[in-house]
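**Q**
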Amino acid sequence: MDKIEIDGGIRLNGEVNISGAKNAALPVMAASILCPGDHRVTNLPGLRDIYTMGKLLGHLGINFQFDGDEATFNSDNITSIEAPYDFVKTMRASILVLGPLLARTGEAKVSLPGGCAIGARPVNFHTMGLAKMGAEITLEEGYIHARAKKLKGARIYFDMPSVTGTENLMMAAVLAEGTTILENAACEPEIIDLADALVTMGADISGAGTNNITINGVRELRPLNHQVIPDRIETGTFMIAAGITGGDITINRCIPAHSEALIRKTVETGMEISVERGRIRVKGAGTIMPVDIKTMPHPGFPTDMQAQFMTLMTLSNGTSLITENIFENRFMHVAELKRMGADIRIEGSTATVSGIKKLTGAPVMATDLRASASLILAGLAAEGTTVIERVYHLDRGYEKIEAKLQKMGARIRRIV
Ligand code: EPU
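One point on numbering: in the working numbering, the residue at position 305 of the sequence shown is 305, and numbering is uninterrupted.
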């Protein structure tokens, strides 16, 4: 299994280009199930999850071709209505085919995802919403089996905003009979991107990006032609990389408005941030000030940046409180950061981080995607050498991260 080795202590300097957003690309790819024809998606990141989604679509009968950051695919024939466990266990986002498959074919069987390293992550909102739209839902041998001759518009309330739940129901509703209203829906930029893609297909959607989304069902759709938005979590991870190394970098091809909460918080830490159209310049401060964060649904502080921000706080000159409100077990990086000398105590959903003068390189283990990113950041700042194992987690969400960091001066290499 690949490892990543980092000799820490180098200030990053230079420029980096942001790739397309994994969490926007995955639902957009799933939207190709909705209607026959030749679809095209651009600005796709070269990531394991993207290829997994491609293979899953291939399994459903969709003919897929990747060419650099573009993919074209033909979905004239859906030959299977089943997303098998083998796909779902490697990528939970496979659940995103449930809504569009049901809308297109009247039936879908998707393996129920189990829990994962960061929490139990149930999908009851997805199934509850489809049931409200008239689907008959049964659980058979670990599979969600959904059937509906024709979905019907409904008023659906989310107990808490769910990103993929909102996306799944939005895709199911575009071909339903009548109007669907999603209340307390998620309003992440990835939801807006999917809605934009669906609207170019001929869907009638308003309110995406707010907590109330209205979808008027249409009779038919035309194929996709969509450019995926830049990845705000990759953007944020590089912002912290500049901050934690006291560097000075320019992050190109991003959408600063998507990183508003993080920008506010990093400015509080003393980092200097200047924003222009499509780019963010980040300068690290001599002293990192302690700042508290609480993760919240968008536009609050993103849970996908919690681990990276915590790593920055391990080197602050005071004490900060990091509260995780979205997932119940998203502190797996803490034990690894402690191996590098960090002073962190966890009580319930809050971690108290007491800043120290320096982190020390150590062998550590990646446990999930964003935890891996936090260890890379720790390694960049640490004195000595850090070896990160199980980097396959990282490869699910960060395109060419070593090359991008090397270009800015980091001494980082992959050991295969
Ligand atoms: N929830 C339920 N029932 C449901 C769905 C969600 O109780 O049916 C709960 C979850 O347990 C969680 C909260 O609602 O406590 C929010 O979860 P959400 O459904 O929004 O998460 P998700 O859609 O499974 C997406 C991203 C995650 C990101 C979260 C939160 C994709 C493919 N995944 O997951 O991304 O952390 O939203 O923003 O979009 C990552 O990229 O590293 C990642 C984990």
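Don't be surprised by glycine CBs; every beta carbon is placed ideally from N, CA and C.
Excluding the five sequence neighbours on either side, which residues of its own chain have a C-beta within less than 7 Å of the C-beta of residue 365, listed in chain order?
**A** Around residue 365: 336, 389 and 390.
**Q** Specify, as a first and last residue, the run of the alpha helix (DSSP H) that residue 52 falls within.
**A** Residue 52 -> alpha helix (DSSP H) spans 48 to 59.
**Q** From the DSSP secondary-structure annotation, give me the bridge partner or partners of residue 389.
**A** In DSSP, residue 389 forms a bridge with 365.
**Q** Give the single residue among 317, 50, 226 and 377 whose Cα lies nearest to the Cα of residue 353.
**A** When each option's Cα is compared against that of residue 353, the closest is 317.
**Q** State the CB to CB distance for the pair residue 99 and residue 172, rounded to an integer number of angstroms; the pair is presumed to be in contact (CB under 8 Å).
**A** Correct: roughly 4 Å between the Cβ atoms.
**Q** Closer than 6 Å to a non-hydrogen atom of the ligand EPU - does that hold for the CB of residue 124?
**A** Result yes, Cβ under 6 Å from the ligand EPU.
**Q** Measuring straight from C-alpha to C-alpha, what distance separates residue 38 and residue 133?
**A** Going by the C-alpha atoms only, they are around 28 Å apart.
**Q** Considering residue 73, what are the terminal residues of the beta strand (DSSP E) in which it resides?
**A** Note, residue 73: beta strand (DSSP E), 70 to 74.
**Q** Give the range of the alpha helix (DSSP H) segment to which residue 23 is assigned.
**A** 22 to 30 is the extent of the alpha helix (DSSP H) around residue 23.
**Q** The alpha helix (DSSP H) spanning residue 98 covers which residue range?
**A** 98 to 105 is the span of the alpha helix (DSSP H), which, as asked, contains residue 98.
**Q** Taking DSSP's pairing of strands, which residues face residue 63 in a bridge?
**A** DSSP output for residue 63 lists 74 as bridge partner(s).
**Q** Could you check whether the Cβ of residue 160 sits closer than 6 Å to any heavy atom belonging to the ligand EPU?
**A** Checking the Cβ of residue 160 against the ligand EPU gives yes.
**Q** Where does residue 301 fall in DSSP's three states?
**A** Looking at residue 301 - three-state DSSP - the assignment turns out to be strand.
**Q** I need the straight-line Cα distance from residue 207 to residue 255, nearest angstrom please.
**A** When rounded, the distance between both Cα atoms is 20 Å.
**Q** So, for residue 82: in the same chain, excluding its five sequence neighbours on each side, which residues have a beta-carbon less than 6 Å away from its beta-carbon?
**A** Taken in chain order, the residues that qualify are 109.
**Q** Only counting runs of 3 or more residues, tell me where the beta strand (DSSP E) segments fall wholly within the region 121 to 167, in order along the chain.
**A** Counting only runs of 3 or more, we get 136 to 140, 143 to 147 and 155 to 157.
**Q** Leaving aside the five residues before and after residue 26 along the sequence, list all residues of the same chain whose C-beta is less than 7 Å from its C-beta, in chain order.
**A** Hits under 7 Å: 49, 53, 93 and 96.
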